[in-house]
Amino acid sequence: MIVLDAYAVLAFLKGEAAASDVRRLLEGAEPTMLTALGVAEVIDHLVRLARVDDEAASLDLAQLGLLDPPALDAPTAAATGRLRARRYHRTACAVSLADCVAAEVARREGARLATADPHLLDVCHVERIAVHALPATDGSTWSAPA
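So the sequence shown is numbered by this note's numbering: it starts at -9 and just counts up by one.
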């Protein structure tokens, strides 16, 4: 299974550098999903920033064929809070709570997390959460620290 972060879906929908990688993930044999917070992030970005109509934004997501997002249960929420408390730093590692939810859902599901966020990739590396590193908007790709 692949857990996509909001960046992955937005990069695909906007035709950015990661779009072809995300397409391969969406069309591959492994099921793909967004977390519930990821859904909220994508809809917010499309409607508020890209000025996409509410219905069109929902349709864009529905057409991707993603699995329904799992419920954020209390144990996963608590694990998310602990993860962010351990790893967050305002300048050195500014991971969002939504990103930490994606990481913990990937850990819980035994899935890979697809993202281009270098801070999130660093957190996953240290926490031993499997990742699929996507190209960033500028085309650069993260690599694990030595």
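We treat Cβ as the ideally placed atom computed from N, Cα and C, and that holds for glycine. These figures come from a predicted structure and were not determined experimentally.
CB of residue i within 8 angstroms of CB of residue j, strictly
i, j, result
"T25", "P59", "yes"
"D(-5)", "G28", "yes"
"L16", "L54", "yes"
Simplified DSSP assignment, three categories, for residue i
i, result
"V(-7)", "strand"
"L124", "coil"
"A134", "coil"
"E6", "coil"
Between the CA atoms of residue j and residue i - distance to the nearest angstrom
i, j, result
"I119", "A9", "23 angstroms"
"A69", "A126", "27 angstroms"
"V91", "A67", "7 angstroms"
"L49", "F2", "14 angstroms"
"L57", "R80", "33 angstroms"
"L36", "E45", "11 angstroms"
"D34", "A134", "31 angstroms"
"V113", "R77", "7 angstroms"
Cβ separation of residue i and residue j, assumed to be a contact under 8 angstroms, to the nearest whole Å
i, j, result
"A88", "V(-7)", "Their Cβ separation, rounded to whole angstroms, is 12 angstroms, which puts A88 and V(-7) out of contact at 8 angstroms."
Beta strand (DSSP E) segments (min. 3 residues) lying fully within the region 62 to 117:
102 to 105
Quick one: which unbroken beta strand (DSSP E) runs of 3-plus residues sit fully inside the region 19 to 64? Chain order, please.
22 to 24
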